[in-house]
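Asks: Chains as they are written, first to last, in our numbering: chain A, 1 to 649; chain B, 650 to 1298. Beta carbons are placed, not taken as given, at the ideal position from N, Cα and C, and that holds for glycine. Remember, it's a predicted structure, so these values are computed and weren't measured experimentally.
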């Protein structure tokens, strides 16, 4: 999947990058062998594939699952297709083909495809975009089709997706109906479809959807005014009438308020990131992709402003976003509660999507850095070590009642995690033919064979990241190729040392990239080492819940403390300013983790038993050993309380 | 108002105590001259008295105000009657009589009295106890009548109240209809009525209402099942149908949940304090009064358990209670957010009511101590210095958008504050004839003339409290009387010194009372001095929002910092453990306050501008002078941010 012509760089194609990494191998294998297999079983069991079969058989009624259940199949297809980009798996290929055939058979003659409407309300397409997710499902179909086509070259699913996209293009746009999807997704998908088909109308339609949002009057407001009468109103979702669900999300004091779906004002006028976090990040992913295709300074300023608002005022230290449950979304600047954090796994994924496009667009290492932070913390916590248990919600503190589940009725997170993991190779490297540059953005062991400005290059990256601050890139292509090797240096890294073929190289990295322009050929070895300090982080004083509190970060990993490692309740633990924090790799703990330990302090819980407030001087503190593990690894042992932010002492 | 026979002590009658105190004089004068006068104007303007006039004139319809607006008149009458207990004011007396005459004229022949029902739905009395406040208003009528009778001996209003109480007694009870008021108040009022009339049936009815609550099935649940059809359903309160208001308060997931009004289980089985904080504290006030009349170990254990739960897990450091706005009530243990605190002024008042009864019942100084804490902090903050502006809600931190208002549509707090201030004399002293003891519970300058076990005693208390830790009691009665003088020593006080007639006296105060048994006569002088330290308070680690943070308290006063006194935003202020805190009285500041100052630290707000998290070592802190004023005095100068809890440093 190339980036657009206005991008600074494009991510390497997935098939060019084969991951072979101490940290990630087991996780990716579990994703392939357990998660994706498990998801397929779920598609069989939860009614998803049965819905398609009923459509094929010409039945009516009997739809099962949430209104957007079709997207489960599409996300599975997308993830499974990514797997095939790097691995042969004839069984999986066959299974994919069966699902594609089923989907193709279910498509209506005019290109329409949505099992809820085809089974339940065939005459009422497009009436209820606010909550019924028709365009959202269409977007996931397109993403699956593009992934499938990229991997296999097959056009089977691409034909289905194009046919549906053409129908949507006839239905909506400046010369057709006004419409805005209640959940963004189709915008980013249409740009992908444009890139594989070169059909400009898909790009135009994406741009239409981007700019139609937030206009006054909003087409969604019209739907809400009539929500009890339109299609889907009586559909029961999570035990509630979908009309009531829509009302809850889109009305404030009985008035339409589109901020839940970023429909409160045109994006060009949006100052702060608002509403449902997955909707927001998918939307801005599309906007960043669009900017790779078409210059638009105003739009660029808007998306930059929203990114800055998110990263400087509305983001957890884990990269997680979305402070509250009710709207699964953003709230106010500096409102970042820990126990009631939403920080949905899908929103972390959406942020990673968005930042990849922004990186391609600008070449700014800040986006690669945020991908790293989110990937290793806010995202990875969402997946249990066993690979088949998931967090939908990722609090930064719990009293012990939050645990991963096998699956969810609203099953967006597990398949979303699966497709991100299966396409992880796409997030590691980028290239710029114009600048004749190769970007190394993430430190993940991998074998790469790709093209740069028409020349073939190949190399192996070897690293013990995230446990150590070092990586080695050894080139393997026989014909020398001159280019600029740009390797990201994390913002927190000190003592940066660089060698080429063992010789120290002076290289500045003010822009967070080491840049080495030379001819590279087989046997050339670039090596980067940097300090991997434990930082004691503190938060902006306006984040009131953690004012004065501290969190441990080592390298890219945010740490947390769990009850299982401590003899006093975790909320009693305090880290003195003078405490030395030791890092030690424990190969036996949860498949291997670097654990942090420190001499901490804790007041005696018994002495607090019947007191709520008391003079600080009366509080006797005792020494206590603090053990912190990476946040991503929490809730994989004995259930209990956890906190990222510790008391100071 | 005597306590019941099972009480350890009874508060001195209001007329026996004339306050003359540096700190309180101006406040009580403002209460008399401004607040109570202002409230009378409100009764004229807001429709309250007009509703009674329309009833007298035999009109129908036209009811104005919230459904419980009758209680505004009753609370005003109660407060005004208390004023007359200590001061002659013929104009006020006349005004009171006019209102009493109006109320008496409005009463129905059978004793019924409620202007909403009489004007709007005369045939539908008692149908909707959950939200329409009939019994609540009846309770306030009774309290006003008792106050009036205690002060003047007049039976005019007492006859009205007794007539209505008799009707209620015929309507509800074990041998009549089942009923529970949606807002407690009548229970405590009926016990007062019993004490002035000696009619046991009022005590029986109070006991019935106490124990009928929380039974299964609940009469309130029956109402809720039918809430759209019963009386008052269409009455619009705060812009909402009252049926919808009731549903919001009493239903959780469409099921009845009485916890809002402590109707979720019988009080004897309640383990934690739940629901609307004013309802809860009024309820438990009645329970504590009932226990003064009738022995009931199970009930005593329940009310003690609930008090302990509140004071050790659900109370702000100011004594304020009620953590959240939606239900104006209690939430969970240790859930005490600062910016979104509700801590309603009326709930602080309710807690003071409750604790006075508990003190009388047990003689335990802890209750007097909590009255002090709540009085000087959570309660007093509710009233602006000018006396005619009020807080309904008392956050412990604000970014600058919370200010006192002149009046409220739901005008419970201002008249409630007025009646507490006007009856403050009742909270200072108590006596026990059985133990031949006089309790001095609060340090408030006053002239007292009372009876103890048949003997006449009189004295003057002189003090500069709360600014200094000292008080002097000089007796003035001519005939010597031997009794036990018990003077409370605050829990935080050290260096306690006691003299009698200038001679040091050794007296232990393990139970928080200095006890001196001797003969006292005119000229005898008891003097108590104690340290008045500045304590740096810290909170239980489970109160996550303030984990590790500190608050300043001097004597009984909790302090806060306001934007107006600081050059950096208050959330940046940090108090180092080593900082010395200086106390200095400033006679010019807001009529005189002791201000605390300390050398604090603050990180540079500009350097945080575009950062959300950063290593603690990178945060440069600068010296900054911290100025703290008593929490009760905040928001009386330039509007701005405020916080009680500071960062440590």
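1. Over what stretch of residues does the beta strand (DSSP E) that includes residue 599 of chain A continue unbroken?
2. Look up residue 18 of chain A in the DSSP assignment and give the residues it is bridged to.
3. Relative to the C-alpha of residue 1243 of chain B, which residue among B:1225, B:1195, B:1183 is closest?
4. Using a C-beta to C-beta distance shorter than 8 Å, which residues of chain A count as neighbours of residue 1262 of chain B?
5. Hey, does residue 496 of chain A have any beta-carbon neighbour from chain B nearer than 8 Å?
6. By a C-beta neighbour count over all protein chains shown, 10 Å radius and 16 as the cutoff for buried, is residue 90 of chain A buried or exposed?
7. Which residues in the same chain have their Cβ closer than 7 Å to the Cβ of residue 361 of chain A, if we skip the five residues on either side of it in sequence?
8. Hey, does residue 603 of chain A have any beta-carbon neighbour from chain B nearer than 8 Å?
9. Could you give the distance in angstroms between the alpha-carbon of residue 1154 of chain B and the alpha-carbon of residue 1198 of chain B?
10. What residues from the stretch 386–417 of chain A come within 9 Å of chain B, judged by C-beta to C-beta, listed N to C?
11. Exposed or buried, residue 818 of chain B, counting other C-beta atoms within 10 Å across all chains shown (16 or more means buried)?
12. What is the rounded straight-line gap between the Cα of residue 120 of chain A and the Cα of residue 49 of chain A?
13. At a Cβ cut of 9 Å, what residues of the stretch 323–350 of chain A count as close to chain B, listed as they run along the chain?
14. For residue 378 of chain A, go through chain B and note every residue whose CB falls closer than 9 Å to its CB, in chain order.
15. Spell out whether any CB of chain A is found under 8 Å from the CB atom of residue 1268 of chain B.
16. For a cutoff of 8 Å on Cβ pairs, would you count residue 961 of chain B as touching chain A?
17. So what does DSSP say about residue 835 of chain B, is it helix, strand or coil?
18. Using Cβ-Cβ distances below 9 Å, what residues of the stretch 571–602 of chain A are close to chain B?
19. Between which two residues does the beta strand (DSSP E) containing residue 484 of chain A stretch?
20. Which of the residues in the stretch 1194–1218 of chain B, read from start to end, lie with their CB under 9 Å from any CB of chain A?
21. Give a yes or no on whether the minimum CB-CB distance between residue 1003 of chain B and chain A is below 8 Å.
22. On the DSSP letters alone, give me the boundaries of the alpha helix (DSSP H) that residue 44 of chain A sits inside.
23. Across the stretch 991–1005 of chain B and the stretch 919–930 of chain B, are there enough close Cβ pairs to call them in contact, namely three or more that are closer than 8 Å?
24. In the structure shown, what three-state DSSP assignment does residue 542 of chain A receive?
25. Rounded to a whole number of angstroms, what is the C-alpha to C-alpha distance between residue 330 of chain A and residue 276 of chain A?
26. Given that residue 647 of chain A touches chain B, what residues does it touch there, using C-beta distances under 8 Å?
27. Measure the CB-CB distance between residue 307 of chain A and residue 358 of chain A and report whether it falls below 8 Å.
28. Please check the pair residue 441 of chain A and residue 484 of chain A, which I expect to be a contact at CB under 8 Å, by giving their CB distance rounded to whole angstroms.
29. Does the separation of the CB atoms of residue 493 of chain A and residue 531 of chain A fall below 8 Å?
30. Starting from residue 312 of chain A and walking both ways along the alpha helix (DSSP H), at which residues does that stretch end?
31. For a contact defined as C-beta to C-beta under 9 Å, what are the partners of residue 1257 of chain B on chain A?
32. How long is the line joining the alpha carbons of residue 1055 of chain B and residue 985 of chain B, rounded to whole angstroms?
33. Between the alpha carbons of residue 1062 of chain B and residue 1030 of chain B, how many angstroms are there, rounded?
34. Identify the continuous beta strand (DSSP E) that holds residue 986 of chain B and give its terminal residues.
35. To the nearest angstrom, how far is it from the Cα of residue 430 of chain A to the Cα of residue 149 of chain A?
Replies: The short version:
1. If you number the first chain from 1, residue 599 of chain A lands on position 599. From DSSP, the beta strand (DSSP E) with residue 599 of chain A extends over 593–603.
2. For the purposes of this step, residue 18 of chain A is taken as residue 18 along the first chain, with counting starting at 1. Beta-bridge pairing links residue 18 of chain A to A:447.
3. One-based indexing of the second chain puts residue 1243 of chain B at position 594. Nearest option by C-alpha distance: B:1183.
4. The residue you call residue 1262 of chain B lines up with position 613 of the second chain. When 8 Å is used as the limit between beta carbons, residue 1262 of chain B is near these residues of chain A: 317, 537, 538, 539, 540, 551, in chain order.
5. For this step, residue 496 of chain A is matched to residue 496 along the first chain. Cβ-Cβ to chain B under 8 Å: no for residue 496 of chain A.
6. Here the question's residue 90 of chain A lines up with position 90 in the first chain. Classification of residue 90 of chain A: exposed, given that the 10 Å Cβ count is below 16.
7. Your numbering for residue 361 of chain A matches position 361 in the first chain. 7, 8, 288, 291, 292.
8. As a position in the first chain, residue 603 of chain A is number 603, starting the count at 1. Residue 603 of chain A has a beta carbon lying within less than 8 Å of a beta carbon in chain B.
9. One-based indexing of the second chain puts residue 1154 of chain B at position 505. One-based indexing of the second chain puts residue 1198 of chain B at position 549. Taking the straight line from one Cα to the other gives about 40 Å.
10. Here the close residues are 397, 399.
11. One-based indexing of the second chain puts residue 818 of chain B at position 169. Residue 818 of chain B should be labelled buried.
12. Walking along the first chain from the start, residue 120 of chain A turns up at place 120. Walking along the first chain from the start, residue 49 of chain A turns up at place 49. Going by the C-alpha atoms only, they are around 16 Å apart.
13. Here the close residues are 334, 336, 337, 338, 339.
14. Numbered from its first residue, the first chain carries residue 378 of chain A at position 378. Within 9 Å Cβ-Cβ: nothing; residue 378 of chain A doesn't reach chain B, min ~13 Å.
15. Working through the second chain from its first residue, we reach residue 1268 of chain B at position 619. Taking 8 Å as the threshold, the shortest C-beta distance from residue 1268 of chain B to chain A falls below it.
16. The sequence position of residue 961 of chain B within the second chain is 312, counting from 1. Yes, residue 961 of chain B lies at the interface with chain A (some Cβ there is under 8 Å from its Cβ).
17. Looking up residue 835 of chain B in the second chain gives position 186. In the three-state DSSP reduction, residue 835 of chain B falls in the helix class (H, G or I).
18. Those would be 571, 572, 573, 574, 577, 602, in chain order.
19. Reading the first chain from its first residue, position 484 is the one you call residue 484 of chain A. Residue 484 of chain A -> beta strand (DSSP E) spans 481–488.
20. If the cut-off is 9 Å between Cβ atoms, the stretch 1194–1218 of chain B has 1194, 1195, 1196, 1197, 1198, 1199, 1200, 1202, 1218 near chain A.
21. Taking the second chain and counting its residues from 1, one reaches residue 1003 of chain B at position 354. No, residue 1003 of chain B does not count as interfacial toward chain A.
22. If you number the first chain from 1, residue 44 of chain A lands on position 44. Counted as a single uninterrupted DSSP element, the alpha helix (DSSP H) harbouring residue 44 of chain A occupies residues 36–45.
23. Between the stretch 991–1005 of chain B and the stretch 919–930 of chain B, the count of Cβ pairs shorter than 8 Å is three or higher; the stretches touch.
24. Against the first chain, residue 542 of chain A aligns to sequence position 542. In the structure shown, residue 542 of chain A sits in coil (DSSP, three-state: anything other than H, G, I, E or B).
25. Here the question's residue 330 of chain A lines up with position 330 in the first chain. Here the question's residue 276 of chain A lines up with position 276 in the first chain. The straight-line gap from Cα to Cα measures roughly 6 Å.
26. Taking the first residue of the first chain as 1, we reach residue 647 of chain A at position 647. Ordered by position in chain B, the residues that pass the 8 Å Cβ test against residue 647 of chain A are 1190, 1196, 1197.
27. Within the first chain, numbered from 1, the residue matching residue 307 of chain A stands at position 307. Within the first chain, numbered from 1, the residue matching residue 358 of chain A stands at position 358. Against a cut-off of 8 Å, the Cβ pair of residue 358 of chain A and residue 307 of chain A comes out as a contact.
28. Locating residue 441 of chain A in the first chain gives position 441, where the first residue counts as 1. Locating residue 484 of chain A in the first chain gives position 484, where the first residue counts as 1. The Cβ separation is near 14 Å, so there is no contact.
29. Along the first chain, read from residue 1 onward, the residue named residue 493 of chain A stands at position 493. Along the first chain, read from residue 1 onward, the residue named residue 531 of chain A stands at position 531. Yes, the pair counts as a contact, with Cβ atoms nearer than the cut-off.
30. Sequence index remark: in the first chain, residue 312 of chain A carries index 312 (1-based). Annotation for residue 312 of chain A: the continuous alpha helix (DSSP H) segment containing it runs 297–313.
31. Translated into the one-based positions of the second chain, residue 1257 of chain B becomes position 608. At a C-beta separation below 9 Å, residue 1257 of chain B has these neighbours in chain A: 540, 541, 542.
32. Translated into the one-based positions of the second chain, residue 1055 of chain B becomes position 406. Translated into the one-based positions of the second chain, residue 985 of chain B becomes position 336. Those two C-alpha atoms are separated by around 27 Å.
33. Position 413 of the second chain, counted from the start, is the residue given in the question as residue 1062 of chain B. Position 381 of the second chain, counted from the start, is the residue given in the question as residue 1030 of chain B. For residue 1062 of chain B and residue 1030 of chain B, the distance between alpha carbons rounds to 12 Å.
34. As a first step, residue 986 of chain B is located in the second chain; it is residue number 337 there, counting from the start. Looking at the DSSP string, residue 986 of chain B is not in any beta strand (DSSP E), and its letter there is neither H nor E.
35. Residue mapping note: residue 430 of chain A aligns to position 430 of the first chain, counting from 1. Residue mapping note: residue 149 of chain A aligns to position 149 of the first chain, counting from 1. Going from the Cα of residue 430 of chain A to the Cα of residue 149 of chain A covers about 21 Å.
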